[in-house]
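The next block holds one structure in the form of structure tokens; read it before the comments.
2 protein chains.
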Amino acid sequence: MAITIKDIARESGVNISTVSRALNDAYGVHQETRGHVLAVAARLNYYPNRVARGLKTRRSHTLALIVSDIRNPFFAEVTRGAEDAARAGGYDLVLCNSDLDPRKQMEYVASLLEKQVDGILMNSVADLSRKQQDQLAASGVPIVLLNRSTASKSFSTVCADNEAGGAMAAQYLLRLGHENIAHLTGPRRHGNLTDRARGFLRFLKAANAKQGITVLHGENSFSGGQTLTQKLLRQQPEISAIFAANDLMAFGAIRAMLELGRRVPEDISLIGFDNLELASVVHPPLTTIHQPKYEMGRAASEMLLRLARNQSKPRSQHLLLGVELIQRESCRKRL
Amino acid sequence: MAITIKDIARESGVNISTVSRALNDAYGVHQETRGHVLAVAARLNYYPNRVARGLKTRRSHTLALIVSDIRNPFFAEVTRGAEDAARAGGYDLVLCNSDLDPRKQMEYVASLLEKQVDGILMNSVADLSRKQQDQLAASGVPIVLLNRSTASKSFSTVCADNEAGGAMAAQYLLRLGHENIAHLTGPRRHGNLTDRARGFLRFLKAANAKQGITVLHGENSFSGGQTLTQKLLRQQPEISAIFAANDLMAFGAIRAMLELGRRVPEDISLIGFDNLELASVVHPPLTTIHQPKYEMGRAASEMLLRLARNQSKPRSQHLLLGVELIQRESCRKRL
DNA sequence: CTGAAAGCGCTAACAG
DNA sequence: CTGTTAGCGCTTTCAG
Chain A
1 MAITIKDIAR
11 ESGVNISTVS
21 RALNDAYGVH
31 QETRGHVLAV
41 AARLNYYPNR
51 VARGLKTRRS
61 HTLALIVSDI
71 RNPFFAEVTR
81 GAEDAARAGG
91 YDLVLCNSDL
101 DPRKQMEYVA
111 SLLEKQVDGI
121 LMNSVADLSR
131 KQQDQLAASG
141 VPIVLLNRST
151 ASKSFSTVCA
161 DNEAGGAMAA
171 QYLLRLGHEN
181 IAHLTGPRRH
191 GNLTDRARGF
201 LRFLKAANAK
211 QGITVLHGEN
221 SFSGGQTLTQ
231 KLLRQQPEIS
241 AIFAANDLMA
251 FGAIRAMLEL
261 GRRVPEDISL
271 IGFDNLELAS
281 VVHPPLTTIH
291 QPKYEMGRAA
301 SEMLLRLARN
311 QSKPRSQHLL
321 LGVELIQRES
331 CRKRL
Chain B
336 MAITIKDIAR
346 ESGVNISTVS
356 RALNDAYGVH
366 QETRGHVLAV
376 AARLNYYPNR
386 VARGLKTRRS
396 HTLALIVSDI
406 RNPFFAEVTR
416 GAEDAARAGG
426 YDLVLCNSDL
436 DPRKQMEYVA
446 SLLEKQVDGI
456 LMNSVADLSR
466 KQQDQLAASG
476 VPIVLLNRST
486 ASKSFSTVCA
496 DNEAGGAMAA
506 QYLLRLGHEN
516 IAHLTGPRRH
526 GNLTDRARGF
536 LRFLKAANAK
546 QGITVLHGEN
556 SFSGGQTLTQ
566 KLLRQQPEIS
576 AIFAANDLMA
586 FGAIRAMLEL
596 GRRVPEDISL
606 IGFDNLELAS
616 VVHPPLTTIH
626 QPKYEMGRAA
636 SEMLLRLARN
646 QSKPRSQHLL
656 LGVELIQRES
666 CRKRL
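Chains as they are written, first to last, in the numbering used here: chain A, 1 to 335; chain B, 336 to 670.
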């Protein structure tokens, strides 16, 4: 049986409420009694039961993070940022993997509400029905959406500036003199990737790119990048630069080119998006657009902490974080 | 204000204890009342407060996982397995990143105890002082150690069979006809890596390997593998096969060889350990020893669940999971 | 500054 | 089968 404030009250000859005060408020209790109580508590090796406290205070000091899959290195990084910030604020973080399955997501949320978490960080609600989203919003827990800028107004968000990143990629490739450019991206409607494509194409158009741009849609994965690249090089062997919508696709592209005997960057320049840790490890080291993943997680946690602490639910907040071009060795000037 | 069993008791004209029973036990309550209560509960959109319940039952239905860093893809995979199993058992998983810092680790544990978690999964306690370890063991929470086989008897463990894996690597390289073999590994005393080295060397010795084996110690990281390989090839350019203690080091070795103009596997065969997802993505695809990372996490959670459910603390359990050789393209027969 | 007492929401004897 | 009652460990009025 763990020892409680009752024990330490008995042991130190004061009332449990005094113990409680001594343990919490620095004020409202005589220095001397306070000292004594603390000493007894230490001697008995007392540690408070936060569950009981939470029942009374209606705060669990626990946050939750729902990602699609922690094995995705992008989310691992975000998660680390979120956990660090939560901990710094005195909160725990419970981790949930939803695989983007709407049912799983709703089950997690229900379970988390029952556990009285003070706030939820979510990867996405895009796959939830309108009704489910309303239900979420109505639940009352503060929710901040990660990696979504276009979400409904009911939720706060933190996201990287995907559109600006797309534009950066375009600008860089143009500056290197490329004219025959392709963009490899994911499914047609995929919030973030769509934003990247928009920024990319908009910049090229504004710059009066001399030639048409090829945009290929496929799976936003390693093998998707590989497949699309094979297809691209068959259709348009004269291509001189590729913008892959994320690093994983870029890795797939590298593999495909290797197999087809096209060299990066000698024959074809390649730029990715995300700046995964692996990007500097592959050969050639990948030039890419850096997303501040850790900072996104951290900022999201901090935002959620603010929301959780203000009982009164304030308007939703939105944060857009800047991205950055990381030059490595997968691009070069067109001859 | 959330609605409680009191509300639904009032609304349905029965006592709160009847409500509680209706909601929990299927038995001991008339089907009719039960149905009615459930209906009212549903109508009021009731969900139970697990914190209150936990206060009474002394079970939080929450597990915790302390890893050094979730960004390490190895742990991400383990974590996913652990979370899936926890959830399947009706438990939440709180994630903690310790960076292997003993102080952080102890702080996490203290905080988790206060939150009344039902069990803790830990990456390692190797860096904890004897006293800290005893303190942990004395705390009373079930603890299972991940990825440790040699830990003190006070804790349960689940681990991959590192020694057998090392032996497998040796056997494979020998079968390919290699005689001039090097082993690149981490610091001298590093539980798992040491086990791999032992298995490797023991097998070679037993097989009467014709030549001496070179073992190089360094950092167990990408750059560690890179550095060691540079050093190795300077000292012994005639080496024909390398066993890297983990995939990350193997990736570093690939990079170093690329830079030195030595081809894998044409000039030198390379085998890793872990079978990270990247292993199939690098060039050449890496032959390696597969650790069942997901299963380790799952098994650890399941073991912890068993421990948590049996109030009486049983003896510690130990599980050693098998490893597997994954043949890809980084090794070939010696000419 | 300290004590008494109520109660957070739920479970679990114990009666009936 | 159902109601009464007593807490779980802690915070928080309200008195004194």
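By construction, the Cβ of each residue, glycine as well, lies at the ideal position given by its N, Cα and C atoms.
Rounded C-alpha distance that separates residue i from residue j
i	j	result
B:Thr368	B:Ile343	12 Å
B:Gln561	B:Pro408	19 Å
A:Leu174	B:Gln565	38 Å
B:Arg590	A:Ser240	26 Å
A:Thr185	A:Leu121	26 Å
B:Ala472	B:Ser489	6 Å
B:Asp602	B:Gly657	31 Å
A:Arg196	A:Phe273	9 Å
B:Gln571	B:Ser484	34 Å
B:Ala504	B:Ile606	7 Å
A:Pro265	A:Arg309	51 Å
B:Lys330	B:Ala502	Residue 330 of chain B cannot be examined here, being either before or after the span of chain B that is shown, 336 to 670.
A:Gln31	A:Val37	10 Å
A:Asn192	B:Arg393	44 Å
B:Ser395	A:Thr4	18 Å
A:Thr287	B:Leu568	29 Å
A:Gln291	B:Leu670	47 Å
B:Ser558	B:Gly587	6 Å
A:Met257	A:Asp247	15 Å
For residue i, the first and last residue of its enclosing beta strand (DSSP E)
i	result
B:Thr622	622-625
A:Ser269	269-274
A:Met122	119-122
B:Leu400	397-402
B:Ile661	659-661
B:Ile478	478-481
CB of residue i within 8 Å of CB of residue j, strictly
i	j	result
B:Ala399	B:Ile405	no
A:Phe243	A:His318	no
A:Gly90	A:Tyr294	no
B:Met584	B:Val493	no
A:Arg298	A:Asp84	yes
B:Met631	B:Val413	yes
A:Glu132	A:Pro102	This sequence places Gln at residue 132 of chain A; Glu is not what is there. Their beta carbons are under 8 Å apart, which means A:Gln132 touches A:Pro102 by this criterion.
B:Asn515	B:Glu573	yes
B:Leu536	B:Ile548	yes
B:Ser459	B:Leu430	no
A:Ser156	A:Leu320	no
7 Å Cβ cut-off: residues of chain B touching residue i
i	result
A:Glu77	Arg406
A:Leu113	Tyr382
A:Leu278	Leu613
Within chain A, the residues that residue i reaches when beta carbons sit closer than 8 Å
i	result
B:Ala445	Tyr47
B:Glu554	What B:Glu554 touches in chain A: nothing, since even the nearest Cβ is about 15 Å away.
Delimiting residues of the alpha helix (DSSP H) encompassing residue i
i	result
A:Cys162	The identity of residue 162 of chain A in the sequence shown is Asn, whereas the question assumes Cys. Element bounds for A:Asn162: 162-175.
B:Asp427	Element bounds for B:Asp427: not the alpha helix (DSSP H) but the beta strand (DSSP E), 427-432.
B:Gly547	Where B:Gly547 is concerned, there is no enclosing alpha helix (DSSP H), given that its DSSP letter is neither H nor E.
A:His36	31-43
A:Ala197	191-206
A:Ala52	50-57
B:Ala591	582-595
A:Leu307	293-309
B:Ile516	Segment 516-520 is the beta strand (DSSP E) holding B:Ile516; no alpha helix (DSSP H) there.
A:Leu228	222-235
Closer than 9 Å at the beta carbon, the chain B residues around residue i
i	result
A:Leu93	Val429, Leu430, Cys431
A:Glu83	Ile405, Leu430, Cys431, Asn432
Chain B residues whose Cβ lies nearer than 8 Å to that of residue i
i	result
A:Gln116	Asn384, Arg385, Val386
A:Arg80	Asp404, Ile405, Arg406, Asn432
Contact list for residue i against chain A, beta-carbon separation under 7 Å
i	result
B:Phe557	Val281
Task: Residues of the stretch 49-62 of chain A with Cβ closer than 7 Å to any Cβ of chain B, in chain order - done: Asn49, Arg50, Val51, Ala52, Gly54, Leu55, Ser60
- [ ] Scan the stretch 251-275 of chain A for residues whose Cβ lies nearer than 9 Å to a Cβ of chain B and list them as they occur along the chain.
- [x] Phe251, Gly252, Ile254, Arg255, Leu258
Task: Contact list for the stretch 616-646 of chain B against chain A, Cβ threshold 8 Å - done: Val616, Val617, His618
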